[in-house]
Amino acid sequence: MAPIVGIDLGTTNSLVAFMDKGLPRVIADEDSGALVPSIVSINEQGQVMVGMAALERLITDPRNTIFSVKRLMGKGIGDAGQEIELFHFPVAPDSEQVIRLKLRDQVLTPPEISAHVMRKLKANAEKFFGEAVTQAVITVPAYFNDAQRQATKDAGRIAGLEVLRLVNEPTAASLAYGLDKKKEGIVAVYDLGGGTFDISILKLQEGIFEVISTNGDTHLGGDDVDARLIALVLTVLKQQTGVDWSDDERAVQIVRRAVIAAKHRLSAEEGTEITFRLPDEKRTRVEIPVTREEFEELVRPVIDRTVPPVRKALEDAKLPPEGIDEVVLVGGATRMPMVRRLVEELFRRKPHTELNPDEVVALGAAVQADILAGGTTDMLLLDVTPLSLGIETLGGAVAKILHRNTTIPASSSEMFTTFVDGQTSVEIHVLQGERELVKDCRSLGRLKLRVPPLPAGMARIEVRFLIDANGILNVTARDTRSGEQQSIGVKPSYGLTDEEVERMLLESFEHAEEDLTERQVIEARNEAETILRATDKALASPAGGELRPEERLKIDEALDELKAVLDSRDYALIRDKIGQLNQATLRLAETMMDSAVKTALQGKKLDEVQ
Amino acid sequence: MEPSSSLCWNCQKRTGEEHFCTGCGKILPQRPGTDYFKFFGLPRKLNLDLEDLEKRFYTLSRKLHPDNFHRASPREKLLSLDKSAVLNDAYRTLKEPLTRAEYLLSLEGQKMEVHAKQAPPELLEEVFELNEWLAELKMAPPREGQNGHLAELRRQLETAKTHLQQRVEAFHQELIAIFTRWDAAVDSGNLDGQRQDLLEELSKTLAKRNYLRNLIRDVSAALAGQAETRNSNVEIRNSETAKGH
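So the sequence lines, in the order shown, correspond to chains A and B. At position 298 of the first sequence the residue is numbered 309 (the working numbering), and the sequence of numbers has no breaks. At position 84 of the second sequence the residue is numbered 149 (the working numbering), and the sequence of numbers has no breaks.
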């Protein structure tokens, strides 16, 4: 059996890693290396493309390409307004409980889209190990609420993975750090990713990683930095060209790509240009100079939003900034010099920057996977729930039953009774959040207790709210008079039902078969095109003119036969005919002077020639 | 009430162990009649060595955490989940002196009012005056330096608050003293004779302290310019004390 893998399902990039003889390692993707862009696109043939292949399609087919879908996980249309505005996601109807996005003729939910990304990671891992991969540990932002966590679990399931544990990203990073450094003390993890910000304060002692407090913002990340730059560029364009490009999706994506590249450069350089070509007729080249100073001033409000959660986390931990022994930076955005300066200011010490901020979370997930597998036995994670859990009381108020930063697993029991004679059900509204009123907290769902008919106030139903090691709520109920387990109906406010997840999983199996065939066909056709072009070139060359008639005849025949089967979906047949043409052009290839064409004839891809 | 020994669900051996069966090593459900002190293998005393408690917590975490039971049977997984939740609650409760004291009171069957609605008798006048000032401040929108009288009011409240904080600290010291007497009684075997008195003292002191803490919170909030509409002296759940089982 292949090892349990650790998966970092990031806003911008995703990774898969495993523990290799005591050291965590990332498994690379053949196209993109360690980082797989969390981008999904559907092409004209209805084929789903993921990662590097989809990245280019952001520009060529933006309407059918989704990025940063993590920002939509666990949300309904009501609370994703900011995201939708920022990214023009193509929202479909029926999106109150779970957002539905329209891509070509398919309607997909965020978990399904994330599942596509995870399926690619799974496939990469399986290719690496040479066997099936069925179990994974997946990371989530520490500040993710119950619905967001459940959505991530659903995504894993749809991808065909048994999700053994959800691990908070800062905690995972601390595992990688702790493994590396074997140090003890108080560590703060400052994790600024593409779409989410987490700050966690942990105590590392004797191999125990105990989270003391955590805080964050699930609407804050590198994407927001990009948004400011994009807005600036579009404004400049409007001023200079008189054209408002903000409604042209291709243009926006082109600008986005240019802006991100410039942003990266500004981490090393004091100034740069944002360069791109507009998708107008003239393909106008645009060059906008920007200094690091200007950039920092523009994005300062975004970076400053990380300060209040840091202060709150320190407050909850009852620690002054000086009480922190080490600060670990996680997430690509922490490469920005201004972020490093801010962290240094906040904690009055230089942050630890030796770990790769892009990979550290996946590496930590691999360590946790190994802990579960029983491989690593001297480390243990004790995490906390980031948000208080409460139930609705009379008047629209919330009574907290489990406080934020409570170590998990955690449970609290409440006694419920009836108000009316013969009442047979009691409804409990469960919420997450720190505010006092229902309207300011996040609704998790409604529980329905079935109660035996009794006079009002006589029933005694004990309901136990348990937050498990994943940070997800489990509820059980017991009639204390009879001692019997009570049935609880749970109606979640957000997310997919179990039936929907099952259905999506089954559908993915059906599609997997189709997808595999489709890919074979496309690959075979591509190879055929390559060899056909090369053959034509060779025939037109001097060497081609020196062919003997019977040779030339054989080649022509093979050409015709290959061309004839190109449109068929029988990839085996196509490959067969390719082989035939290869044979026929063997001697021609040998006499060719043009090495590029020669190697193409000999069956190699042109870009592998070096 | 002594916790009973029971039969192990797995090997049927009679075991008095708290967490794992001595016969087959399987994780056990919560023993009937157990409590947080027993959970940690500690006597029912009020002064605790926090470093020792933390060590016990870490040791038990390593043994009971669901991470160790990933490949175990569903039943064991459930038990580990349950017990870990209890472990975390037990640690949280015993770690802080106040929650520890309240827990002890509930264990000893004292349905005492630790959230008093009335001011401590010795502070009645002081509290009465303070509440008047508070009411006055709440009615007038607090704007810095606008009204000389308001500024004076704020100063008075600040002074009163400081004084109350000193009183809270004094109550805290009283509590520690009661802790020490309780522990001494346990050690010398004289607990039964002193039990009721000590518990009453504990309860009263806790109540006074909590009342003052809530009042201080009200004052702070009012001074910060917020209108606290809740009557925080009748808090049911929301205080800094955790809930015990």
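Beta carbons: idealized from backbone N, C-alpha and C, even for Gly.
Sequence-distant residues of the same chain with beta carbon closer than 8 Å to residue 516 of chain A, five excluded per side: 168, 169, 171
Residue 268 of chain B in three-state terms, based on DSSP: helix
Limits of the unbroken alpha helix (DSSP H) element including residue 192 of chain A: 180 to 192
Same chain, Cβ closer than 7 Å to residue 70 of chain A, neighbours up to 5 away in sequence not counted: 261, 264, 265, 268
Nonlocal neighbours in the same chain, by C-beta distance under 7 Å from residue 589 of chain A, ignoring five residues either side: 538, 539, 542, 573
8 Å Cβ cutoff met for residue 240 of chain B and residue 184 of chain B: no
Contact check, residue 316 of chain A vs residue 333 of chain A, beta carbons under 8 Å: no
Alpha-carbon to alpha-carbon, residue 362 of chain A and residue 211 of chain A: 14 Å
C-beta neighbour in chain B for residue 396 of chain A, strict 8 Å: no
Meets three-Cβ-pair contact criterion under 8 Å: the region 135 to 145 of chain A and the region 91 to 98 of chain A: no
Buried or exposed by the 16-neighbour rule on C-beta atoms within 10 Å, applied to residue 307 of chain B: Note that residue 307 of chain B scores 35 on pLDDT, short of 50, meaning its location in the model is unreliable; the coordinates nonetheless yield the value given after this. Answer is buried; the Cβ neighbour count reaches 16.
Stretch pair the region 188 to 200 of chain A + the region 40 to 59 of chain A: three plus CB contacts closer than 8 Å: no
Alpha carbon of residue 115 of chain A to alpha carbon of residue 75 of chain A, nearest angstrom: 6 Å
C-beta neighbour in chain B for residue 180 of chain A, strict 8 Å: no
Buried versus exposed, by CB contacts within 10 Å (16 or more), residue 479 of chain A: buried
Helix, strand or coil at residue 258 of chain B according to DSSP, with G and I counted as helix: helix
For residue 286 of chain A, three-class secondary structure by DSSP: strand
Contained alpha helix (DSSP H) runs [length at least 4] in the region 196 to 265 of chain A, N- to C-terminal order: 233 to 252
Contact set for residue 150 of chain A: own chain, Cβ-Cβ below 8 Å, skip 5 residues either direction: 17, 18, 19, 20, 177, 178, 179, 180, 183, 372, 373, 375, 376
Entirely enclosed alpha helix (DSSP H) segments - the region 422 to 505 of chain A, minimum 4 residues: none
Length of the line joining the Cα atoms of residue 487 of chain A and residue 476 of chain A: 7 Å
Inside the region 35 to 97 of chain A only - alpha helix (DSSP H) runs reaching at least 4 residues: 63 to 71
Inter-residue spacing [alpha-carbon to alpha-carbon] between residue 96 of chain B and residue 70 of chain B: 8 Å
Three-state class that DSSP yields for residue 601 of chain A in the structure shown: helix
Local conformation of residue 248 of chain B per DSSP, three classes: helix
Pair within 8 Å by beta-carbon distance, residue 130 of chain B and residue 149 of chain B: yes
CB contact check: residue 171 of chain B to chain A, cutoff 8 Å: no
Own chain partners of residue 201 of chain B with C-beta closer than 7 Å, once the 5 adjacent residues on each side are dropped: 218
Short Cβ contact (8 Å threshold) for residue 366 of chain A with residue 220 of chain A: no
Host alpha helix (DSSP H) of residue 122 of chain B (start-end): 115 to 129
Buried versus exposed, by CB contacts within 10 Å (16 or more), residue 210 of chain B: Residue confidence is low: residue 210 of chain B scores 49 on pLDDT, short of 50, so the model does not pin down where it sits. Its coordinate-derived value is still stated next. Looking at its Cβ environment, which holds fewer than 16 other Cβ atoms inside 10 Å, residue 210 of chain B is exposed.
Environment of residue 89 of chain B [buried if 16+ CB atoms lie within 10 Å]: exposed
Neighbourhood of residue 414 of chain A by C-beta distance below 7 Å, restricted to the same chain and skipping five residues each side: 399
Nearest neighbour of residue 119 of chain A, chosen from A/440, A/507, A/64, A/199 [CA to CA]: A/507
Cβ pair residue 566 of chain A, residue 600 of chain A closer than 8 Å: no
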